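Undergrad: Please see the structure below; I have some questions.
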Amino acid sequence: MKALRNWIDKQKPQFEKGGKLHMFKSVFGGFETFLFVPNHTTKIGSHVRDYTDLKRTMSMVVLALIPALLVGMYNIGYQHNLAVGATASFMETFFYGFLRVLPAIIVSYGVGLGVEFVTAQLKGHEIHEGFLVSGLLIPMVMPVNTPLWMIAVSVAFSVVFCKEVFGGTGMNIWNPALVARAFLFFAYPSQMSGESVWVSLGGEKAIDAFSGATPLAKAAEAVTTGTLDLGNFSPMDAFLGFIPGSIGETSTLAILIGAVILIWTGIGSWKIMVSTVLGASFVGILMNLFGSNPYMTDMPFWYHFIIGGFAFGAVFMATDPVSAAQTEKGKWYYGFIIGVLAVIIRVMNPAYPEGMMLAILLMNTFAPLIDHGVVSGNIKRRLKRAKA
Amino acid sequence: MSNVIKLKKGLNIPLQGEAEKTMKKASPSQTYAIKPTDFPGLTPKLSVKEGATVKAGSPLFYDKSNPEVKFTSPVSGEVVAVVRGERRRILEVVVKADNEIVYEEFQKGSPSSLKREEIKESLLTSGLWPMLKMRPYGIVARPADTPKDIFISCFDSAPLASDYEFVLAEEQKHFQVGIDALSKLTDGSVHLGLPADSSNKMFGAIQGVKTTKFSGPHPAGNVGVQIAHISPINKGDIYWTIAPQDVVNIGRLFEKGIYDAKRVIALTGSPLKSPEYVETLIGANISSVMQESIDAENNRIISGDVLTGTQVEIDGHMSFYSNQVTILPEGNYYEMFGWALPGLGKFSPSRTFFSWLGSKARKFTMDTNFHGEERAFVVTGEYEKVLPMDILPVQLFKSILVNDIDKMEQLGIYEVIEEDIALCEYVCTSKIDIQKILRDGINTMIKELG
Chain S
4 MKALRNWIDK QKPQFEKGGK LHMFKSVFGG FETFLFVPNH TTKIGSHVRD YTDLKRTMSM
64 VVLALIPALL VGMYNIGYQH NLAVGATASF METFFYGFLR VLPAIIVSYG VGLGVEFVTA
124 QLKGHEIHEG FLVSGLLIPM VMPVNTPLWM IAVSVAFSVV FCKEVFGGTG MNIWNPALVA
184 RAFLFFAYPS QMSGESVWVS LGGEKAIDAF SGATPLAKAA EAVTTGTLDL GNFSPMDAFL
244 GFIPGSIGET STLAILIGAV ILIWTGIGSW KIMVSTVLGA SFVGILMNLF GSNPYMTDMP
304 FWYHFIIGGF AFGAVFMATD PVSAAQTEKG KWYYGFIIGV LAVIIRVMNP AYPEGMMLAI
364 LLMNTFAPLI DHGVVSGNIK RRLKRAKA
Chain R
43 MSNVIKLKKG LNIPLQGEAE KTMKKASPSQ TYAIKPTDFP GLTPKLSVKE GATVKAGSPL
103 FYDKSNPEVK FTSPVSGEVV AVVRGERRRI LEVVVKADNE IVYEEFQKGS PSSLKREEIK
163 ESLLTSGLWP MLKMRPYGIV ARPADTPKDI FISCFDSAPL ASDYEFVLAE EQKHFQVGID
223 ALSKLTDGSV HLGLPADSSN KMFGAIQGVK TTKFSGPHPA GNVGVQIAHI SPINKGDIYW
283 TIAPQDVVNI GRLFEKGIYD AKRVIALTGS PLKSPEYVET LIGANISSVM QESIDAENNR
343 IISGDVLTGT QVEIDGHMSF YSNQVTILPE GNYYEMFGWA LPGLGKFSPS RTFFSWLGSK
403 ARKFTMDTNF HGEERAFVVT GEYEKVLPMD ILPVQLFKSI LVNDIDKMEQ LGIYEVIEED
463 IALCEYVCTS KIDIQKILRD GINTMIKELG
């Protein structure tokens, strides 16, 4: 450890201004601060500072994502076995999924961090931590059969056009992971939906009875067919995560573990999570009571929480502090409307079986408006007090 | 009867090194200094030159924009140095003390028989006036104003702060005289903020005041927070605030007719073997205050508390308003994977480090490491948890950053000074220097609106 520190101190002058490797200063700084918390001390203001920094915060979010990722990997193997009619041990099943997902994660981090490093160097600032989370979120919201080049393109698009052009970490309007997902969804619709993208066959032939449709897509069919049929999945399967879907979004249980981590550490806003569920319940119950088709009336409202990307979106996407409402009161409105819109888009618009992505992106757009309302309220209260 | 206001938001930082309740007399300090930099916004004009002899209570410098506001010497002796910094800004006026203090004589008398103008005059000439601070802005009160009310917080909730009930246990009489004098300065009332969880033997017996009790974590003891819950500051309102020890100094002025700059200081911090209280005078040399030798290379000496205090050298001097010295280990080290380790010994209000596994009563050693690098605002809601006021902190700070005076006013810049939002700076994940941002905003307000 000491030796490593000494070695870094020795290399440092080359990256300073005038050194021959100055052009890699940000990259060097990024690796240095990754290895060592810097020796900076407080200069002005408070002499003690909290140990928490953005690296810690972001790594906690990554930690919270791990349960959903692991179950997702297992589920890919599990769905594969179902599709080809094979039997395999627990480890074989997991390992199959692990091998399918790992390249996507590597490509996502590789491309994203590459873009980050280049922009940091061009702008002459330090490398910011935002992509630590986005880099894992992006593969987790993709169908397993998404080609790697598409992941690369979507990551590059989202980091450049959703984040860097706005000024980098902390400045973006929309959640970068969702923008990557939406970009692929609209640019390559055929590769991002349908029945063949959710289950990895791995070159083998599917058995006859196999259908790769997600419960969400099956539910949407109810509007045209007139009967609700979610396929061969029990609610328990959906809760535990053994249904087709995007890599990390299937297991509500694993996502709940992540939610507990986020809330307990104080990183994720429980207000947004709770209000999103409340919003969805509100519309879901209304539809259950007064609905006009089987999707509305026959599917209990709480099914929305366990199928599709609702839980994942509510816990990991809607709570992104940069793109969400920033005032504490605003968070209640923001989450509630996301829940309402997600269910409405799912049920009323059969072209988009998954409403969560669009609902969150839409509310990202309107979050500043919600905050503006809350801020005006605060100002009015103060003016009223002055007059009294 | 006083009512209790319960504050939920805030944070007590569990630092190690609280002062034992034992009082020592400091060895007489060789030098004393008054530092113009302790008074934000002040442009000092010297009243004396190097080499002049002064008595305790003789003016050293005065305020350029309010010449009647004088800053006087706490001891008699010789002015040995006027320390200047960049652009000849005066940093310190240092007085070498005589062995026996000779006092300027001021008018004695019971404040209840004196008129407002006479009391003002006494405070101004004796140099006790700067103990009165004005809200908004947290600057020295302006003699031309009449404050709506005067607020005194009788407890300090900052990390390792002095216990005033202990410090002033024997000073009830002087405190009462000080209060009598202050109540002449306002048409409104003198408010005392008391801690709800204490016996308040001394402060509870004071006459002629309105009392309100406060419970909750820091910053419940901040006078700004207390004002916000009793009578929040609106545009145009002027309140004055003063610290309890200074009220006693005022009382002594009227009782004895001298400027007795007595100040009890809590010596605190984890590097000290026996943290305790010492009695000295305002502006004393740090080395005379310290009761044990400390390793000044690897420790930081702070005049004040860890959130708002000023760093001083071992041969430097106490700040005017400080009643506490905190020693903090310097954090100029690298820590390998520090952001990734479990962090059992790292206290954090967010539970991102596993220090929450331990007992709640546990105290921690902390140092001055920055624990990261500055970033843009990312995490939301963390400032709100430590600010028990109806203020939207992030929006206020952003309005200051874009220099939008209307918005600053609308979002409540009049209601806060640095100490009130110091915890926001402590908890900030993005390591933003919030106290400086706020002071810049306040300076803008003073410049634009006066």
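Keeping their order, the protein sequence lines are chains S and R. So in my numbering, spot 192 of the first sequence is number 195, and the numbers just go up one at a time. So in my numbering, spot 183 of the second sequence is number 225, and the numbers just go up one at a time. Beta carbons: idealized from backbone N, C-alpha and C, even for Gly. No experiment lies behind these values; they were computed from the predicted model shown.
#1: Whose C-alpha, out of R:144, R:177, R:254, R:222, is nearest the C-alpha of residue 162 of chain R?
#2: Give me, in chain order, the residues of the same chain whose beta-carbon lies closer than 8 Å to that of residue 323 of chain R; leave out the 5 immediate sequence neighbours on both sides.
#3: Are the beta-carbon atoms of residue 159 of chain S and residue 121 of chain S separated by less than 7 Å?
#4: List the residues that DSSP assigns as beta-bridge partners of residue 21 of chain S.
#5: Name, please, each residue of chain R whose Cβ falls closer than 7 Å to the Cβ of residue 80 of chain S.
#6: By the criterion of Cβ-Cβ separation under 8 Å, what are the contact partners of residue 390 of chain R in chain S?
#7: Measuring straight from C-alpha to C-alpha, what distance separates residue 311 of chain R and residue 371 of chain R?
#8: Taking 7 Å as the threshold (beta carbon to beta carbon), is residue 35 of chain S in contact with chain R?
#9: Which residue or residues does DSSP assign as beta-bridge partners of residue 515 of chain R?
#10: Taking residue 71 of chain S and residue 261 of chain S to be in contact with their CB atoms under 8 Å, please state how far apart those CB atoms are, rounded to whole angstroms.
#11: What is the rounded straight-line gap between the Cα of residue 270 of chain R and the Cα of residue 382 of chain S?
#12: I want to verify the contact list: residues of chain S whose CB lies under 9 Å from the CB of residue 374 of chain R, in sequence order.
#13: Do residue 285 of chain R and the ligand FMN come close, with the Cβ less than 6 Å from some heavy atom?
#14: Tell me whether residue 236 of chain R sits in a helix, a strand or coil according to DSSP, three-state version.
#15: Starting from the C-beta of residue 271 of chain S, find all residues in its chain whose C-beta is less than 6 Å away, skip the five residues before and the five after it, and write them out in chain order.
#16: Who are the Cβ neighbours of residue 335 of chain S in its own chain at under 7 Å, not counting the five residues just before and after it?
#17: At what residues does the beta strand (DSSP E) containing residue 65 of chain R begin and finish?
#18: How would you label residue 400 of chain R, buried or exposed, when you count the other beta carbons within 10 angstroms and need 16 or more for buried?
#19: Which of the residues in the region 400-415 of chain R, read from start to end, lie with their CB under 8 Å from any CB of chain S?
#20: Just curious, the alpha helix (DSSP H) that residue 353 of chain S is in, first and last residue?
#21: Between which two residues does the alpha helix (DSSP H) carrying residue 478 of chain R extend?
#22: Cβ of residue 3 of chain R less than 7 Å from any chain S Cβ?
#23: Could you check whether the Cβ of residue 344 of chain R sits closer than 7 Å to any Cβ belonging to chain S?
#24: Between the region 239-254 of chain S and the region 143-162 of chain S, can you find at least three pairs of beta-carbon atoms closer than 8 Å?
#25: Just the chain S side, please: which residues come within less than 7 Å of residue 377 of chain R by C-beta, in chain order?
#26: Is the beta carbon of residue 415 of chain R closer than 7 Å to that of residue 469 of chain R?
#27: Using 8 Å as the cut-off, can you tell me whether the region 417-434 of chain R makes contact with the region 310-330 of chain S, which would need three or more C-beta pairs spanning the two stretches below that distance?
#28: Quick one: is residue 113 of chain R buried, meaning 16 or more other Cβ sit within 10 Å of its Cβ, or exposed?
#29: Would you report the Cα separation of residue 54 of chain S and residue 389 of chain R, rounded to the nearest angstrom?
#30: For residue 335 of chain R, tell me which candidate among R:326, R:349, R:351, R:316 has the shortest Cα-Cα distance.
#31: With distances taken between CB atoms, is the gap from residue 9 of chain S to residue 177 of chain S smaller than 7 Å?
#32: Measure the C-alpha to C-alpha separation of residue 54 of chain R and residue 261 of chain R and round it to an integer number of angstroms.
#33: Can residue 280 of chain R and residue 170 of chain R be called in contact, C-beta distance under 7 Å?
#34: With 16 other CB atoms within 10 Å as the buried threshold, where does residue 278 of chain R fall?
#35: Quick one: grab the DSSP three-state call for residue 359 of chain R.
#36: For a quick check, are the C-beta atoms of residue 290 of chain R and residue 216 of chain R less than 7 Å apart?
TA: Taking the geometry as given:
#1: R:222
#2: 71, 74, 116, 117, 303, 304, 305
#3: no
#4: The partner list for residue 21 of chain S (beta bridge, DSSP) is empty, contrary to what the question assumes.
#5: Near residue 80 of chain S there are no residues of chain R at all, since even the closest Cβ is about 29 Å away, more than 7 Å.
#6: 53, 54, 55
#7: 9 Å
#8: no
#9: There is simply no residue 515 of chain R to check, as chain R begins at 43 and stops at 492 in what is shown.
#10: 6 Å
#11: 15 Å
#12: 42, 43, 44
#13: The ligand FMN is absent from the structure shown, which contains no ligand whatsoever.
#14: strand
#15: 265, 322
#16: 274, 278
#17: 65-67
#18: exposed
#19: 408, 409, 410, 411, 412, 413, 414, 415
#20: Unbroken run through residue 353 of chain S: none, as it is neither H nor E.
#21: 476-491
#22: Nothing can be reported for residue 3 of chain R, as the shown portion of chain R is limited to 43 through 492.
#23: yes
#24: yes
#25: 39, 40
#26: no
#27: yes
#28: buried
#29: 7 Å
#30: R:316
#31: no
#32: 8 Å
#33: no
#34: exposed
#35: strand
#36: yes
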